[in-house]
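Everything below concerns the one structure shown next.
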Ligand SMILES: [Zn+2]
Ligand SMILES: [Zn+2]
Ligand SMILES: [Zn+2]
């Protein structure tokens, strides 16, 4: 077997005469002749190795004998040969793209590095689009934090399900499974999009790893436009109480209009509703000062409070039906069942100075009626004072 039949290039052939060289196992030949470089080069040619996405940048010169490529087992990492000893043994060093760039290309700034990292990650990420109610809800619940990424247990459905009208969808990318198994959310980034006109896809604010999502969208040829293009797109219309509708917080526009079977995004003179609500409800709703929630008008107990907060802050006198503040006004509990205001209490009741029970004035001892400081019930009636 000659050097030529092993496919070694002339340049890499050892400088000494190889004729009569003893045949040795193939791995040892590789070590002996330094052909691991050819092996690495050929892997790019055969497509086994994929170049890093910045390989065509003008600033880029590959580090000699690194043969850096996208890691074969974890496409979120780069893989390279750190030294010729490892090269000969076909050992690879795996590293995060950002760390690699920072170490070997220190002239790059943080902004450039995060941009190339996003591009890098975008190569291995698949762009996904959620359009059904279930998919959309799951993308919000198992994704980046926002005012809509929570459960709404009091509502019949998640407000973001209202996006499933067919006009709108949620573009998203997932985290690599290795990160998910370490506790990361399934969804790495998401973005509301208008998709009813494929030639004019409009995108709203992106959440989470927006740089990678933007790079993935760019790879897919989707232009980044602004929210104005959402006007006219429909949300599902689902009435949960009289004139109260499920509604997500729509970044793209703060107003919508009620139509027969939908809520349309945009300004409408009649039947307009607020689209930037964090409560998941819009329509005939009001804002409670006690709990900071937007609630159906039917839950409104008083101008500024919902039923629950009103009950926490106010009491109603069971005698005169007046509203009193719990903190500012005195409240008296009588007969084991009723709350009375200060005035109603003093008209009807007294507190016995002996047994300290609150009793109706009808049970007061006649002999204590003239004493405004000490009053006694009939049971505790002190003996009539007799002069000694
Ligand atoms: Zn409230
Ligand atoms: Zn009263
Ligand atoms: Zn008494």
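Numbering (the working numbering), first residue to last: 1469 to 1856.
For glycine and all other residues, C-beta sits at the position ideal for the given N, C-alpha and C.
Legend entry - Buried versus exposed call for residue 1643 [16 or more other C-beta atoms within 10 Å across all chains shown]: With 16 or more Cβ atoms within 10 Å of its Cβ, residue 1643 is classed as buried.
Inset, instruction - Using a threshold of 7 Å, state whether the C-beta atoms of residue 1661 and residue 1669 are closer than that. - result: Their beta carbons are under 7 Å apart, which means residue 1661 touches residue 1669 by this criterion.
Legend entry - Where residue 1541 falls, given that 16 or more other Cβ within 10 Å makes a residue buried: That one is exposed.
Inset, instruction - Could you tell me which uninterrupted alpha helix (DSSP H) segments, each at least 4 residues in length, are contained entirely in the stretch 1688-1759, listed from first to last along the chain? - result: At a cut-off of 4 residues, not a single continuous stretch assigned as alpha helix (DSSP H) sits fully inside the stretch 1688-1759.
Legend entry - Segment limits, alpha helix (DSSP H) that includes residue 1556: Annotation for residue 1556: the continuous alpha helix (DSSP H) segment containing it runs 1552-1557.
Legend entry - Reduced DSSP category for residue 1778 - H, G, I as helix; E, B as strand; rest coil: Taken through DSSP and simplified to helix, strand or coil, residue 1778 comes out as helix.
Inset, instruction - Could you spell out the range, first to last residue, of the beta strand (DSSP E) harbouring residue 1670? - result: Annotation for residue 1670: the continuous beta strand (DSSP E) segment containing it runs 1670-1676.
Inset, instruction - Go through its chain and collect everything with a Cβ distance to residue 1786's Cβ below 7 Å, but skip five positions before and after it. - result: Closer than 7 Å at Cβ, skipping near neighbours: 1806, 1807, 1808.
Legend entry - residue 1822 CB to nearest heavy atom of ligand 3 below 6 Å: Indeed, a heavy atom of ligand 3 lies less than 6 Å from the Cβ.
Inset, instruction - Kindly list the residues whose CB is nearer than 6 Å to the CB of residue 1587, restricted to its own chain and excluding five residues on each side of it in sequence; keep chain order. - result: Taking residue 1587 as the centre and dropping the five residues before and after it, the same chain places the C-beta of 1521, 1683 closer than 6 Å to its C-beta, in chain order.
Legend entry - Outcome for residue 1472 when other beta-carbon atoms lying within 10 angstroms are tallied against a minimum of 16: Only weak support is given to the placement of residue 1472: the predicted model assigns it a pLDDT of 38, under 50, and the question is left unresolved by the model.
Legend entry - residue 1510, enclosing alpha helix (DSSP H) - first and last residue: From DSSP, the alpha helix (DSSP H) with residue 1510 extends over 1504-1514.
Inset, instruction - Tell me, please, which residues DSSP counts as bridged to residue 1588. - result: Residue 1588 is not bridged by DSSP to any residue.
Inset, instruction - Can you tell me which of the three DSSP states residue 1682 falls into? - result: Collapsing the DSSP output to three states places residue 1682 in a helix.
Legend entry - Rounded straight-line distance, which links the Cα of residue 1677 to that of residue 1720: Between the alpha carbons of residue 1720 and residue 1677 lies a gap of roughly 19 Å.
Legend entry - Euclidean distance between Cα positions of residue 1704 and residue 1578: A straight-line Cα-Cα distance of about 43 Å links residue 1704 and residue 1578.
Legend entry - At least three beta-carbon pairs within less than 8 Å, the stretch 1709-1717 to the stretch 1744-1753: Verdict: yes, contact present.
Inset, instruction - Determine contact between the stretch 1612-1626 and the stretch 1720-1730, defined as no fewer than three beta-carbon pairs at a distance below 8 Å. - result: The stretch 1612-1626, when compared against the stretch 1720-1730, does not touch it at the 8 Å Cβ threshold.
Inset, instruction - Please work out which residues of its chain come closer than 7 Å, Cβ to Cβ, to residue 1598, disregarding the five sequence neighbours upstream and downstream, and give them in chain order. - result: Taking residue 1598 as the centre and dropping the five residues before and after it, the same chain places the C-beta of 1604, 1607, 1637, 1638, 1640 closer than 7 Å to its C-beta, in chain order.
Inset, instruction - Taking residue 1675 as the reference, give the member of 1647, 1610, 1619, 1622 with the closest Cα. - result: Of the candidates 1647, 1610, 1619, 1622, the one whose C-alpha sits nearest the C-alpha of residue 1675 is 1610.
Legend entry - Closer than 7 Å: residues whose CB approaches a heavy atom of ligand 2: Per the Cβ criterion, the list is 1785, 1787, 1788, 1790, 1808, 1809, 1811, 1812.
Inset, instruction - Along the beta strand (DSSP E) that carries residue 1659, what are the first and last residues, could you check? - result: For residue 1659, the uninterrupted beta strand (DSSP E) run begins and ends at 1655-1662, by DSSP.
Inset, instruction - Measuring alpha carbon to alpha carbon, tell me which of 1849, 1832, 1821, 1516 ends up nearest residue 1841. - result: Minimum Cα distance to residue 1841 is reached at 1821.
Inset, instruction - Go ahead and pull the three-state DSSP assignment for residue 1533. - result: For residue 1533, the three-state secondary structure derived from DSSP is coil.
Legend entry - Own chain partners of residue 1583 with C-beta closer than 6 Å, once the 5 adjacent residues on each side are dropped: Counting only residues of its own chain and dropping the five nearest sequence neighbours on each side, residue 1583 has no CB closer than 6 Å to any other CB.
Legend entry - Classification of residue 1544 by the beta-carbon crowding that lies within 10 angstroms, buried from 16 upward: Flag for residue 1544 reads buried.
Legend entry - Near ligand 1: residue 1758 beta-carbon under 6 Å from a heavy atom: Answer for residue 1758: yes, Cβ within range of ligand 1.
Inset, instruction - Might you give, ordered along the chain, the residues of its own chain that have their beta carbon closer than 6 Å to the beta carbon of residue 1826, omitting 5 neighbours on each side? - result: Contacts found: 1802, 1817, 1819.
Inset, instruction - Let me know the secondary structure DSSP gives residue 1770 once reduced to three states. - result: Strand at residue 1770.
Legend entry - residue 1794 in three-state terms, based on DSSP: Correct three-state label for residue 1794: coil.
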